[in-house]
Amino acid sequence: MRKKMLFYTLCLLSAFLSAVMVPLDILGEALSPNIWIYANLSFIVGTFISFVIVLFLLVPYKGKPLGRYVDPNFVGLTLLNRNVLRYFVLMAIGNTIASAGYFYILYAFPDPSAILPFMQLSIIYLILGEVFVDKEFPTVLEVHSVISILFGALLASISPSGVFDLYGFLIVIVLVNGGTTITVLAQKKVRSMRIRDRRYDSINIRLWYLFLTTPIFLITTYLINPDSVLKMFDVGIEIIVIVVASMLVTFFAKVAYIRALGIGKASITQAITSASVILGIPFAIIGWVIMPDIFAEITLNSLILLIKAIGAVLVTMGIISLALSEVKAIILIRAKPGFSGEELMKRLAKIRGTIRISALAGKYDYLICVKIRTLGKGYRLVVRELERVEGIEDFIWLSTLYEWEEI
Amino acid sequence: MIVAYIMINVAVGKVASVVEKLRGVSNIKWISVVAGEYDIIVRVHVDTLEDLFYVTEKIHKIEGIVKTTTHVVEKELILE
Numbered sequence: 001m002r003k004k005m006l007f008y009t010l011c012l013l014s015a016f017l018s019a020v021m022v023p024l025d026i027l028g029e030a031l032s033p034n035i036w037i038y039a040n041l042s043f044i045v046g047t048f049i050s051f052v053i054v055l056f057l058l059v060p061y062k063g064k065p066l067g068r069y070v071d072p073n074f075v076g077l078t079l080l081n082r083n084v085l086r087y088f089v090l091m092a093i094g095n096t097i098a099s100a101g102y103f104y105i106l107y108a109f110p111d112p113s114a115i116l117p118f119m120q121l122s123i124i125y126l127i128l129g130e131v132f133v134d135k136e137f138p139t140v141l142e143v144h145s146v147i148s149i150l151f152g153a154l155l156a157s158i159s160p161s162g163v164f165d166l167y168g169f170l171i172v173i174v175l176v177n178g179g180t181t182i183t184v185l186a187q188k189k190v191r192s193m194r195i196r197d198r199r200y201d202s203i204n205i206r207l208w209y210l211f212l213t214t215p216i217f218l219i220t221t222y223l224i225n226p227d228s229v230l231k232m233f234d235v236g237i238e239i240i241v242i243v244v245a246s247m248l249v250t251f252f253a254k255v256a257y258i259r260a261l262g263i264g265k266a267s268i269t270q271a272i273t274s275a276s277v278i279l280g281i282p283f284a285i286i287g288w289v290i291m292p293d294i295f296a297e298i299t300l301n302s303l304i305l306l307i308k309a310i311g312a313v314l315v316t317m318g319i320i321s322l323a324l325s326e327v328k329a330i331i332l333i334r335a336k337p338g339f340s341g342e343e344l345m346k347r348l349a350k351i352r353g354t355i356r357i358s359a360l361a362g363k364y365d366y367l368i369c370v371k372i373r374t375l376g377k378g379y380r381l382v383v384r385e386l387e388r389v390e391g392i393e394d395f396i397w398l399s400t401l402y403e404w405e406e407i
Numbered sequence: 001m002i003v004a005y006i007m008i009n010v011a012v013g014k015v016a017s018v019v020e021k022l023r024g025v026s027n028i029k030w031i032s033v034v035a036g037e038y039d040i041i042v043r044v045h046v047d048t049l050e051d052l053f054y055v056t057e058k059i060h061k062i063e064g065i066v067k068t069t070t071h072v073v074e075k076e077l078i079l080e
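One line per chain: the protein sequences are H and G, in this order.
The first sequence begins at 1 in our numbering and counts up by one.
The second sequence begins at 1 in our numbering and counts up by one.
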């Protein structure tokens, strides 16, 4: 239960910080000579700030580094080894694509409540990816959630004048969400890897993928417009202050998000952090009231407000449906004599949803923990697969009703 | 480090109170209340087999526990 609470807290913290980040970026973009100068500055300053934060998190407190309180897996600055480097490069490429789309959208739609719903659509890619890997049709619940989130995000992102921008929508679908999906999946992979019996910590993940994204992004923008790189430091101090504030908020939003990814399923983490859709509405109103010249006008048309509210509710309903449907179970297996235990474990590792396999000494020979989206999938993807595995004498399925873990 | 799973059968109506007491036992890292042959499965991390003996001793003293079955982990694959 504590683990679940921590998971939801991290997701919601990430959502809140993301909702703060967008109005800061809108402000910074409006004051900058052009959007790509602001984008490049964000990456340069972001990388520098990330290094400073990591150095600060190395300071010991009560016998362990401060970073351990942010993420228990943090032991210090971890250099990338060959095994993880390719996933970090993948993350950086995904992040470059997503960021290019994000900064364009920021320029085209100066309304946080319109930008944030757009950014949530990558959950659909994640669910479709899982469906593709599972090689079976999505469940009714998954279809319902995907439709609910898709239409919810579309409705919530409607402009004050009631106009829907198809060009902007395509940029988000292809660039922002495509890039985000690549980054999320690579992060998930790295998060599951272990160094010295510990998971890769979210602080080092954030630091290194930002560090790798910066040169890729600068080269990309240089090719589009060389001045955006050559003149990026010819800006006022107020822009630097906004960039610093934005990157500090972004750092902790990403750390909370990556930390949550290590606890829950990627699509559910993404779904819960989409609460930023709702949180973006008050920030959009505050931005417009304080700086009406910079932020988009907030509509007073009750019909459009109603449509936006319905959109936010649909996104939330999609989130709840996905989050509540996940099923966990423990399977106890008795093996047949004469079969290789090593081979059997490798075979069990290939079964979808398996998160841990333990070879045991006792009444049962193996204990496996599985996590799947619905009980029906548990039968089709796990039980039917186990029945096909040679070397299994019998097994029992124990559905998890409640779980507690020391963290 | 030695890792073990202890499968526990609990008297009817005692699951909640047993879980509460198990949470206070040091070395228990994970508790799962399940539906099936057992009622609760716990994961224990200890340094020696003797420590495992003391953990099972503590568990046996909890009121409501009917039976325990201990399985020591010989090898493990963590996929997530």
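The beta-carbon is built from N, C-alpha and C at its ideal position, and this holds for glycine as well.
This structure is a prediction, so every number in the text was calculated from the model and none was measured.
Could you have a look at residue 32 of chain G and say whether DSSP puts it in helix, strand or coil? strand
Anticipated Cβ contact below 8 Å, residue 314 of chain H with residue 151 of chain H, distance rounded: 6 Å
Taking the alpha-carbon positions, what's the residue 242 of chain H to residue 155 of chain H distance? Approximately 30 Å between the Cα atoms of the pair.
Classify residue 35 of chain G: buried if its beta carbon has 16 or more other beta carbons within 10 angstroms, exposed otherwise. Per the 10 Å Cβ criterion, exposed.
Closest Cα partner of residue 74 of chain G within the set H:200, H:108, H:37, H:341: H:341
Expressed to the nearest angstrom, what Euclidean distance is found between the alpha-carbon atoms of residue 385 of chain H and residue 351 of chain H? 7 Å
Which of the three DSSP states is assigned to residue 47 of chain H in this structure? helix
Output, in chain order, the set of chain H residues within a Cβ distance shorter than 8 Å of residue 21 of chain G. Per Cβ cutoff of 8 Å: no residues; residue 21 of chain G is ~12 Å from chain H at best.
Excluding the 5 residues preceding and the 5 following residue 251 of chain H in the sequence, name in chain order all residues of the same chain whose CB lies nearer than 8 Å to its CB. 46, 49, 50, 53, 206
With respect to the alpha helix (DSSP H) encompassing residue 95 of chain H, which residues constitute its N-terminal and C-terminal limits? 82-108
What are the boundary residues of the beta strand (DSSP E) that residue 394 of chain H is part of? 392-405
Length-filtered (4 minimum) alpha helix (DSSP H) runs lying within the segment 274-313 of chain H: 276-290
Endpoints, the beta strand (DSSP E) within which residue 381 of chain H is located: That residue, residue 381 of chain H, is in no beta strand (DSSP E); it is neither H nor E in DSSP.
Simplified DSSP assignment, three categories, for residue 9 of chain G: strand
Rounding to the nearest angstrom, what Cα-Cα distance links residue 145 of chain H and residue 157 of chain H in this structure? Roughly 18 Å between the two C-alpha positions.
How is the alpha helix (DSSP H) around residue 180 of chain H delimited, first residue to last? 177-192
Any C-beta of chain A sitting closer than 8 Å to the C-beta of residue 32 of chain G? The displayed structure is made up of protein chains H and G, and chain A is not among them.
At which residues does the beta strand (DSSP E) containing residue 332 of chain H begin and terminate? 327-335
Three or more C-beta pairs below 8 Å linking the segment 392-406 of chain H and the segment 19-38 of chain G: yes
Please state the DSSP three-state secondary structure of residue 76 of chain G. strand
At what residues does the beta strand (DSSP E) containing residue 367 of chain H begin and finish? 366-372
Under 8 Å, do residue 26 of chain G and residue 64 of chain G count as touching if we go by C-beta distance? no
Closest by C-alpha distance to residue 405 of chain H, when choosing among G:22, G:37, G:47, G:56: G:22
DSSP state of residue 65 of chain H mapped onto helix, strand, coil: DSSP places residue 65 of chain H in the strand class (E or B) of the three-state scheme.
Tell me which same chain residues have a C-beta within less than 7 Å of the C-beta of residue 11 of chain H, skipping the five on either side of it? 260, 269, 272, 273
Determine the extent of the alpha helix (DSSP H) in which residue 49 of chain G is found, giving its start and end residues. 49-60 is the span of the alpha helix (DSSP H), which, as asked, contains residue 49 of chain G.
Beta-carbon neighbours of residue 360 of chain H, restricted to chain G and to distances below 8 Å: Residues of chain G passing the Cβ test: 5, 71, 72, 73, 74.
Quick one: is residue 366 of chain H buried, meaning 16 or more other Cβ sit within 10 Å of its Cβ, or exposed? buried
Since residue 24 of chain H contacts residue 349 of chain H with CB under 8 Å, what's their CB separation in whole angstroms? Not quite, the Cβ-Cβ distance comes to about 44 Å (not below 8 Å), so this is no contact.
Residue 35 of chain G: contacting residues in chain H (beta-carbon distance under 7 Å): 398, 399, 401
Residue 23 of chain G (DSSP reduced to helix, strand or coil): coil
What does residue 6 of chain H reach in chain G if we use C-beta pairs closer than 8 Å? The premise fails here: residue 6 of chain H is roughly 14 Å from chain G at the closest Cβ pair, so nothing lies under 8 Å.
Among the candidates H:26, H:40, H:255, H:153, whose CA atom is the shortest distance from the CA of residue 424 of chain H? For residue 424 of chain H there is no data in the structure shown, the boundaries of chain H being 1 and 407.
Closer than 7 Å at the beta carbon, the chain H residues around residue 54 of chain G: Here the premise fails: no neighbours, minimum Cβ distance about 18 Å.
Give the secondary structure of residue 157 of chain H by DSSP, where H, G and I count as helix, E and B as strand, and everything else as coil. coil
Taking 7 Å as the limit between beta carbons, can you name the residues of its chain near residue 70 of chain H, skipping five residues before and five after? 57, 203, 255
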